[in-house]
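Below you'll find the structure, written out as C-alpha cells, and then a few comments.
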Amino acid sequence: EAQVTQNPRYLITVTGKKLTVTCSQNMNHEYMSWYRQDPGLGLRQIYYSMNVEVTDKGDVPEGYKVSRKEKRNFPLILESPSPNQTSLYFCASSINRDSGNTIYFGEGSWLTVV
Amino acid sequence: AQKVTQAQTEISVVEKEDVTLDCVYETRDTTYYLFWYKQPPSGELVFLIRRNSFDEQNEISGRYSWNFQKSTSSFNFTITASQVVDSAVYFCALSAPGSYIPTFGRGTSLIVHP
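Chains as they are written, first to last, in this note's numbering: chain X, 1 to 114; chain F, 115 to 228.
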C-alpha cells in the first residue's frame, strides 16, 4: 500500500530538548516536504527536497533542519524546540517536482513544546 | 507570487443541505494545477481532486462537484445533500511551475449538524 509514514504521531517535549520526526515513503517519490499547520494559517511549507542530498527552505524554515540521505526518508529535526513550534506537522511526497503531481501526506504529527 | 484565498473560515449547515466552499487563486503562470484536500477530525489530509488549468470542465464525483472558472480564478467545491461525515476542514491548493512550493489556502471548516 502506498504510504507516507511519520513518527511519532504525538509528542510532548520540553523547550530545548532536541527531537527528530521521521518520515518515510514507499512510493519511490523524488520530491518530499514538511509542512506545519496552525489555526488560521493553514499549511505552510518548512523545507522541501527534490531528491537525495538536495534540500531547500520553504516558507517557514527557522528553527528546523532536514536531511535527505536516502530517497525514502526525510527526517525533520528540531535542534532546540521552542513553544512556538507547537503545531501539527505533515510530511508529504510526490513523484517529482512537476507541479501537476498529487501530493501525498502522512497522517500528521502533533507536537507540543512546553 | 501565488496566492489561494478561502474566504469562508467556517460554515455550519444542517444535514441534507447543499454547501459550496469557495476558493479563489492568483498566479502568473499559464499552466497550473488546483487541488482540494479534506482534513477530517482525525487529522490526516485526504486528496480529493486535481485539476489542470487547461481543463475547465466541471467534475462530479458522487455528492461532490467542482466548478472551475478561469475567468474568475475560482475553483469552488460543492457538496450536495451534506452528511455529518462531511464535517472536516477543506483545503484548496495551487501548484505551478513558477514556484517550487505549493500554496495552500487557510482552509474552510465545515460543520454538518444532524
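The beta carbon of each residue, even a glycine, is placed where N, CA and C say it ideally should be.
Length of the line joining the Cα atoms of residue i and residue j
i: X:Leu11; j: F:Leu208; result: 31 Å
i: X:Thr13; j: F:Asp169; result: 47 Å
i: F:Thr217; j: X:Arg44; result: 8 Å
i: F:Thr145; j: F:Gln120; result: 21 Å
i: X:Asp56; j: X:Tyr48; result: 5 Å
i: F:Phe191; j: F:Ser179; result: 6 Å
i: X:Lys17; j: F:Val160; result: 32 Å
i: X:Glu53; j: X:Leu76; result: 14 Å
i: F:Trp150; j: F:Gly219; result: 10 Å
i: X:Cys23; j: F:Ser156; result: 19 Å
Identity of the residues DSSP links to residue i by a beta bridge
i: F:Cys137; result: Paired residue(s): none; F:Cys137 is not in a bridge.
i: F:His227; result: F:Val128
i: X:Gly42; result: X:Asp38
i: X:Val60; result: DSSP output for X:Val60 lists no bridge partner at all.
i: X:Ile77; result: X:Thr20 and X:Lys65
i: F:Arg164; result: F:Phe149
Interface flag, residue i vs chain F, CB-CB below 8 Å
i: X:Gly58; result: yes
i: X:Gly40; result: yes
i: X:Gly108; result: yes
i: X:Thr13; result: no
i: X:Thr102; result: yes
i: X:Tyr48; result: yes
Residues of its chain near residue i, where Cβ-Cβ distance is below 6 Å and the 5 sequence neighbours each way are ignored
i: F:Val127; result: Val133, Ser196 and Val226
i: X:Ile103; result: Ala92 and Ser94
i: F:Phe182; result: Arg165, Glu170 and Phe189
i: F:Thr194; result: Asp132 and Arg177
i: F:Ser167; result: Thr145 and Tyr146
i: X:Tyr35; result: Leu43, Gln45 and Phe90
Within-8 Å CB hit, residue i to chain X
i: F:Phe161; result: yes
i: F:Glu124; result: no
i: F:Asn166; result: yes
Beta-carbon proximity list for residue i, same chain, < 8 Å, skipping 5 on both sides
i: F:Gln122; result: Leu135, Asp136 and Thr222
i: X:Pro8; result: Val21 and Ser109
i: X:Asn28; result: Lys71 and Arg72
Proximal residues to residue i (C-beta, below 7 Å), its chain only, five neighbours per side dropped
i: X:Thr86; result: Leu111, Thr112 and Val113
i: X:Asn51; result: Glu30
### Task
Would you list, in chain order, the members of the segment 200-220 of chain F that have their beta-carbon closer than 7 Å to a beta-carbon of chain X?
Phe205, Ser209, Ala210, Pro211, Tyr214, Ile215, Pro216, Phe218, Gly219 and Arg220
#### Entry: chain F contacts from the segment 69-99 of chain X (Cβ-Cβ distance under 7 Å)
Leu88, Phe90, Arg97 and Ser99
### Residues in the segment 168-181 of chain F having any Cβ partner in chain X nearer than 8 Å
none
### Query
In the segment 19-46 of chain X, which residues sit with their C-beta less than 7 Å from some C-beta in chain F, listed in chain order?
Gly40, Leu41, Gly42, Leu43 and Gln45
### Query
In the segment 133-164 of chain F, which residues sit with their C-beta less than 7 Å from some C-beta in chain X, listed in chain order?
Tyr146, Tyr147, Gly157, Glu158, Leu159, Phe161 and Arg164
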